[in-house]
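Each protein sequence line maps, in turn, to chains B and E. Residue 175 in this note's numbering sits at position 175 of the first sequence, with consecutive numbering throughout. Residue 590 in this note's numbering sits at position 244 of the second sequence, with consecutive numbering throughout. Idealized CB from N, CA, C, for every residue including glycine. From a predicted model like this one, the values you see are computed outputs, not experimental measurements.
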Amino acid sequence: MAVPQHRHRGDGRSEGAVLNTLRTIPLLLFLLLTGCGRDERPAAQGDIRVTDARGKELILSRPAQRVVSLLESATTAFYMLRKEEALAGISRNMYEEPLLAHYAAMDRRVRERSLPAPGNWDFVDLEAVVALRPDLVILWSVQSDAIAAVESHGIPVYAVMITGPGDIAKEVTDLGRMLGAEARADSLLRFSRDLSAQRSVAPSDSPSVYFSWASGLYQTAGRASMAGHLIVSAGCVNACPFPLEQAAVNAETVIAWDPEIILLWPDGQRTEHEVLREPPLRTVRAVKTGRVYVLPSPYDCDLWTLKYHYASYWLRRRAAGSGVAPEELRAFRDSTFSLLYGRNVR
Amino acid sequence: MNRGVRTILYVLPLPVIAGALFAGSSSVVSAADVWRALTEPSAPLTDAARTVLFDVRLPRILLAFITGAILSSSGAAMQAVFRNPLVDPYVLGLSSGAAFGAALAAATGFSPMLLPAFLFGAGATALSAAAASKRGRISVVSLILAGIVVNGIFTAALTVVQYMSDPFTLQTIVQWTMGGFQTAGWEKTALAAGPAAAGAGVLLLYRWRLNVLAMGDDEARSSGLHPVREKLIILSAAGLACAAGVAVAGIIGFYGLIVPHLLRMTAGPDHRRLVPLSMTAGGSFLVLIDTLSRTLMPYELPIGVFTMLLGAPLFLLLIRRNDAGWDR
């Protein structure tokens, strides 16, 4: 018996292939309708839409009520927005000194250690995060594995990356929208702009500043970094000309740059005296004139939050050359932080 | 090996060290300044130029040389003691012990990183040797296995410290483990020089015994040697010197594995020549690599990048040619 000829003339496709194609259409429709995940559903009127540092759009149907924020710098924005009650989980680092004292003073749950801490900027306890049933998780954008793992559970993730003051403003705006605190976010950003405007007149002689990170005296901040922005915002010039976030240099390079100020990130271990005694740097202007400074505490000078204004003011006053009264710095810090946090934080 | 090539390798440190003085990341010192300083020590130089030349470049070059010399000569000695071409100075847990010590110091601030790195590095090596010794005997297999276990313990402990560290401390730890001579100065050079000289002295004195030990314990005994004692002396000397090198320069991976093989291919497997050549050529090669890492870009590049990029292709070529001397 002859085998029936199923092949169409002309296009060469079999009936079986056509049937297979037809069968896949409902499947594709099903995937389109159901397979997008909670954060990728079609937007509706009144939805909250923000785009995170990855360029991914997040759509929330209502302000987030249970947020796990594993970045201390983003979490501090919750306190500034007066939305700390929306926190369902925080960074483990916030239960360590010197941060603990500050947050314990502002939040009873931190004081009583009842607010879960299922990870931090580096390690994420996925089971603990999922168990908290958050409606939003905040992570660094570089934590790509953790982001993918959290999102695989249908939990939206807002990824953060701060490389300049514009990113901080965007983060505050986005968090304000996602937490239903737009007015407070606007007010914070207005205050931030006012603080920037107060510093708009640069000192007549802009001193060059060499910034040293905690990871080593010769680990410096390039111009594409928050520390680089800090230096410029204080009316100074970054001695490091590289358009990098961070750069490893050596003593010879620092001698060649000959900065007028050396600024150390506060790691709780280094002191000005160690740099002043560093033999290779004895010919550098900053060492000769004793203009080596350690920034105040990392909490006060958190460069990845609106608090960078305090670090900027602090450096500007140092760069001015005249002596700075500690009372003056403390008064500026207290008044600024009270306005930023919306409460007395002396 | 050609006598002329051997002579060149022996005197290589002089031109390499002198040449490296001319290379730098800035124009604070001109080539003319360096030449004047070398040929006419009383020549006037600016303060900055004098500092760069004598307090920045010179101690860094010497420290790179010392570290390269002890890593490569210790690697050669350990490959003979273990009778295993895959061994390097880190096989007994030195690098992970030192990294743990440095990380602990960075995280707690109880001490500068240098001393704990040295103590934990040397301690890890001693622990491996102690764990492998049984009734006065040490088998090579037990020693390597003990080294793997000790390595694992300190790596796990290092992970715990990293897990508990804040971002800045973690960055410090990572920077340290990457290795390099960015913070070299006379203080570090002086600290490394003592243990390095002691270790190098022992290895030079014992270099002919390495030939006997490389043939096996029975052959060593029949030659009148006490293999366990000889091995412990050599391992202690190499471990002490390398712990000092790692403490001041961090972990420079694969150097103590690759360079002895390269030299064995060039000079043959006789340790009477291989050990001193490892010191002179191994030290010189690391000076050249460090010079690249500090001058190729306006900022520093991790030295481990160059040791691998330059050493690994040569090493692979050597494996392809099967000419490392182990089949002779």
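Next item on the list: Mind listing the chain E neighbours of Glu260/B? Cutoff is C-beta to C-beta under 9 Å, in chain order.
Entry: For the purposes of this step, residue 260/B is taken as the residue at position 260 of the first sequence. Result: empty, since nearest Cβ-Cβ is about 15 Å, beyond 9 Å.
Check: What residue does the alpha helix (DSSP H) around Ala463/E start on, and which one ends it?
Finding: Locating residue 463/E in the second sequence gives position 117, counting from the first residue. Where Ala463/E is concerned, the enclosing alpha helix (DSSP H) stretches over Leu460 to Ala478.
Margin query: Can you confirm whether Trp314/B, when its beta carbon is compared against all beta carbons of chain E, has any partner nearer than 8 Å?
Written below: By 1-based counting over the first sequence, the position of residue 314/B is 314. Not one chain E Cβ lies under 8 Å of Trp314/B.
Next item on the list: Tell me where the alpha helix (DSSP H) around Gln347/B begins and ends.
Entry: In the structure as shown, chain B begins at 1 and stops at 346. Residue 347/B is therefore absent and cannot be evaluated.
Checklist line | Neighbourhood of Ala146/B by C-beta distance below 7 Å, restricted to the same chain and skipping five residues each side | finding: For this step, residue 146/B is matched to residue 146 along the first sequence. Only Val124 and Leu139 meet the Cβ criterion.
Next item on the list: Would you be able to state if there are at least three C-beta pairs under 8 Å between the region 181-192 of chain B and the region 218-238 of chain B?
Entry: no
Margin query: Residues in the same chain with beta-carbon distance under 6 Å from Ile231/B, minus the five sequence neighbours each way, listed in chain order, please.
Written below: Position 231 of the first sequence holds residue 231/B. So the qualifying residues of the chain are Val209 and Asn238.
Checklist line | Straight-line gap, Ile59/B to Ala470/E (C-alpha atoms, nearest Å) | finding: To locate residue 59/B, count along the first sequence from 1; it is residue 59. To locate residue 470/E, count along the second sequence from 1; it is residue 124. Roughly 54 Å separates the two Cα atoms.
Check: Going by beta carbon distance, what residues of the same chain come within less than 7 Å of Ala395/E, once the five residues before and after it are set aside?
Finding: Walking along the second sequence from the start, residue 395/E turns up at place 49. So the qualifying residues of the chain are Val374, Val375 and Asp379.
Check: Taking the continuous alpha helix (DSSP H) assigned at Val633/E, which residues delimit it?
Finding: For this step, residue 633/E is matched to residue 287 along the second sequence. Val633/E -> alpha helix (DSSP H) spans His617 to Thr641.
Margin query: Under DSSP, the beta strand (DSSP E) around Tyr293/B begins and ends at which residues?
Written below: Numbered from 1 along the first sequence, position 293 holds the residue referred to as residue 293/B. Here the beta strand (DSSP E) through Tyr293/B covers Val292 to Val294.
Check: Shortest alpha-carbon distance to Ala546/E belongs to which of Glu576/E, Cys588/E, Gly531/E and Ser568/E?
Finding: Looking up residue 546/E in the second sequence gives position 200. For the residues Glu576/E, Cys588/E, Gly531/E and Ser568/E, the minimum Cα distance to Ala546/E belongs to Cys588/E.
Note to self: Looking at Val402/E: is its Cβ nearer than 8 Å to the Cβ of Glu252/B?
What the structure shows: For the purposes of this step, residue 402/E is taken as residue 56 along the second sequence, with counting starting at 1. For the purposes of this step, residue 252/B is taken as residue 252 along the first sequence, with counting starting at 1. Yes; because the gap between Cβ atoms is below 8 Å, this pair is in contact.
Checklist line | Range covered by the beta strand (DSSP E) that runs through Ile262/B | finding: Within the first sequence, the letter at position 262 stands for residue 262/B. Its beta strand (DSSP E) spans residues Ile261 to Leu264.
Next item on the list: Note down, one range per segment and in chain order, each beta strand (DSSP E) of at least 3 residues found wholly within the region 151-183 of chain B.
Entry: 157-160
Notebook entry, point to check: Does Gly628/E get closer than 8 Å to chain B when you measure Cβ to Cβ?
Noted result: Locating residue 628/E in the second sequence gives position 282, counting from the first residue. For Gly628/E, the answer is no, since every Cβ of chain B falls outside 8 Å of its Cβ.
Margin query: Which residues of the region 244-270 of chain B have a Cβ closer than 8 Å to any Cβ of chain E? Give them in chain order.
Written below: Leu244, Ala247, Ala248, Val249, Asn250, Ala251, Glu252, Thr253, Ile255, Ala256, Asp258, Trp265, Asp267, Gly268 and Gln269
Next item on the list: Identify the contact partners of Asp636/E in chain B, using a Cβ-Cβ distance below 7 Å as the criterion.
Entry: Along the second sequence, read from residue 1 onward, the residue named residue 636/E stands at position 290. The contacting residues do not exist; Asp636/E stays about 11 Å from chain B at best.
Notebook entry, point to check: Applying the criterion that 16 or more other CB atoms from any shown protein chain within 10 Å of the CB defines a buried residue, is Gln198/B buried or exposed?
Noted result: Translated into positions along the first sequence, residue 198/B becomes position 198. Exposed, because fewer than 16 other Cβ atoms sit within 10 Å of the Cβ of Gln198/B.
Check: How would you call Asn93/B, buried or exposed, if buried means at least 16 neighbouring beta carbons within 10 angstroms?
Finding: As a working note, residue 93/B is residue 93 in the first sequence. Its Cβ being crowded by 16 or more others within 10 Å, Asn93/B is buried.
Notebook entry, point to check: Which stretch, first to last residue, makes up the beta strand (DSSP E) that contains Glu57/B?
Noted result: Indexing the first sequence from 1 puts residue 57/B at position 57. Where Glu57/B is concerned, the enclosing beta strand (DSSP E) stretches over Glu57 to Leu60.
Next item on the list: Specify the secondary structure class of Tyr210/B as computed by DSSP and reduced to three states.
Entry: Residue 210/B sits at position 210 when you count from the first residue of the first sequence. The answer is strand: DSSP assigns Tyr210/B an E or B state.
Notebook entry, point to check: Using a Cβ-Cβ distance under 8 Å, would Gln143/B count as near chain E?
Noted result: By one-based count along the first sequence, residue 143/B stands at place 143. Gln143/B does not count as touching chain E.
Next item on the list: Name the residue from Ser297/B, Arg317/B and Phe332/B whose alpha carbon lies nearest to the alpha carbon of Pro98/B.
Entry: Walking along the first sequence from the start, residue 98/B turns up at place 98. Pro98/B has its Cα closest to that of Ser297/B, out of Ser297/B, Arg317/B and Phe332/B.
Checklist line | For Ser69/B, three-class secondary structure by DSSP | finding: For this step, residue 69/B is matched to residue 69 along the first sequence. Looking at Ser69/B - three-state DSSP - the assignment turns out to be strand.
Margin query: Can you tell me which residues form a DSSP beta bridge with Gln219/B?
Written below: In the first sequence, counting from the first residue as 1, residue 219/B sits at position 219. Paired residues: Ala248/B.
Notebook entry, point to check: For Arg177/B, which residues from the same chain have a beta carbon less than 7 Å from its beta carbon, with the 5 sequence-adjacent residues on both sides left out?
Noted result: Position 177 of the first sequence, counted from the first residue, corresponds to residue 177/B. So the list reads Ile48 and Val50, once near-sequence residues are dropped.
Note to self: Let me check understanding here. Comparing Cα to Cα, which of Gly650/E, Leu556/E, Thr353/E and Val633/E lies closest to Gly421/E?
What the structure shows: Looking up residue 421/E in the second sequence gives position 75. The candidate whose alpha carbon is nearest that of Gly421/E is Leu556/E.
Item checked: Reference Gly467/E, options Thr612/E, Pro435/E, Ala444/E and Ala453/E, closest by Cα -> Here residue 467/E refers to the residue found at position 121 when the second sequence is read from its first residue. Comparing Cα-Cα distances from Gly467/E to each of Thr612/E, Pro435/E, Ala444/E and Ala453/E, the minimum goes to Ala444/E.
Item checked: Buried versus exposed, by CB contacts within 10 Å (16 or more), Pro326/B -> For the purposes of this step, residue 326/B is taken as residue 326 along the first sequence, with counting starting at 1. Exposed is the call here.
Notebook entry, point to check: Can you round the beta-carbon distance between Ala248/B and Gln528/E to whole angstroms, since I take them to be within the 8 Å contact cut?
Noted result: The count along the first sequence starts at 1 and reaches residue 248/B at position 248. The count along the second sequence starts at 1 and reaches residue 528/E at position 182. At roughly 6 Å, the Cβ-Cβ gap stays under 8 Å, so Ala248/B and Gln528/E are in contact.
Margin query: Given this structure, state the Cα-to-Cα distance separating Ala311/B from Ala169/B, to the nearest angstrom.
Written below: Position 311 of the first sequence, counted from the start, is the residue given in the question as residue 311/B. Position 169 of the first sequence, counted from the start, is the residue given in the question as residue 169/B. C-alpha separation (whole angstroms): 17 Å.
Check: Out of curiosity, what's the CA-to-CA distance linking Tyr308/B and Gln508/E?
Finding: For the purposes of this step, residue 308/B is taken as residue 308 along the first sequence, with counting starting at 1. For the purposes of this step, residue 508/E is taken as residue 162 along the second sequence, with counting starting at 1. Approximately 27 Å between the Cα atoms of the pair.
Next item on the list: Could you list the residues in the region 213-247 of chain B with a C-beta less than 9 Å from some C-beta on chain E, going in chain order?
Entry: Trp213, Ala214, Ser215, Gly216, Leu217, Tyr218, Gln219, Thr220, Gly222, Cys240, Pro241, Phe242, Leu244, Gln246 and Ala247
Next item on the list: Have a look at the DSSP bridge pairing and note the partners of Thr51/B.
Entry: Along the first sequence, read from residue 1 onward, the residue named residue 51/B stands at position 51. The partner list for Thr51/B (beta bridge, DSSP) reads Glu57/B.
Next item on the list: Flag this pair as touching only if the region 429-443 of chain E and the region 621-638 of chain E have three or more C-beta atom pairs under 8 Å; answer yes or no.
Entry: no
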